[in-house]
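Numbering (our numbering), first residue to last: 244 to 494. Glycine residues also receive a C-beta, built at the ideal position from the N, C-alpha and C atoms. Everything below concerns the one structure shown next.
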Ligand code: ZN
Ligand code: CA
């Protein structure tokens, strides 16, 4: 690709300055499917492939690209639950790359009856971190949230989209559960004091009527069901880019 100010037609000319689309953030990602022996056949390569496609599609508008470097399948009854030290043992055995490498563990029996969890980028201190300090970094996701999984309303792969938002540094749109304060530290997501169930469509949900905007129920960082999700805001895209530059790139 050519660089240079003379190809004005390839950018937008504003007062003599050519503004180009920013280079995409490229995130190496390793997917790890971990199942119990009983459920080993339930979680397929196709589900992992479709999950990767859903993730890539959801982040395209944010100028974030994913480069899949591995897809692993492991049968281990304890790791598939990941309670306590089992999660550490699993990650120690399976984790790929460095602090800028996204590792997602899809577990058939994820502990705590949650759909998923991720670490935030700021969870470790400054400098070039030693692997021992970030072994816990990454996402643990209920495997049946992948496309084709068996969790009704949550089987289009959007749990991973939401969780990776955390890994990229985003908080919930209802962070703080309050109509005052910093909320999610993003200015273009309306204040929201309650998380959203399903996809309330009859009357717009508005948990902070004194603040401008109704609840961003279609935002990936709310708790709405998969079909309700449509995207991130420009402010969230900016926060992800800032977090990437501050915490993960080059580390
Ligand atoms: Zn969340
Ligand atoms: Ca906000």
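| request: Using three-state DSSP, classify residue 245 as helix, strand or coil. | output: Model confidence at residue 245 stands at a pLDDT of 37, short of 50, so the residue's coordinates are unreliable; what they give is reported in the following sentence. Coil.
| query | Does any heavy atom of ligand 2 sit closer than 7 Å to the C-beta of residue 429? | reply | yes
| message | Considering only their Cβ atoms, is the gap separating residue 278 from residue 351 smaller than 8 Å? | response | Residue 351 is a Cβ neighbour of residue 278, given a cutoff of 8 Å.
| Relative to ligand 1, what is the chain-ordered list of residues with a Cβ closer than 6 Å to any of its non-hydrogen atoms? | 405, 409 and 415
| task | Figure out for me which residue from 280, 411 and 449 has the closest Cα to the Cα of residue 268. | result | Here the closest residue by C-alpha is 411.
| request: Pull up the distance between the alpha-carbon of residue 274 and that of residue 490, whole angstroms please. | output: 21 Å
| First and last residue of the alpha helix (DSSP H) that includes residue 336? | Segment 328 to 337, the alpha helix (DSSP H) holding residue 336.
| message | Is residue 434 a contact residue of ligand 2, with contact defined as CB to any heavy atom under 7 Å? | response | yes
| When the Cα atoms are used, what is the spatial distance from residue 378 to residue 344? | Distance from the CA of residue 378 to the CA of residue 344, rounded to the nearest whole angstrom, comes to 11 Å.
| Exposed or buried, what is residue 335 when buried is set at 16 or more other beta-carbons lying within 10 Å of its beta-carbon? | exposed
| What separation, rounded to the nearest whole angstrom, lies between the Cα atoms of residue 361 and residue 455? | In a straight line, the C-alpha of residue 361 is about 30 Å away from that of residue 455.
| When the Cα of residue 308 is compared with those of 272, 431 and 451, which residue comes out closest? | 272
| field | Element boundaries [beta strand (DSSP E), containing residue 348] | value | 345 to 350
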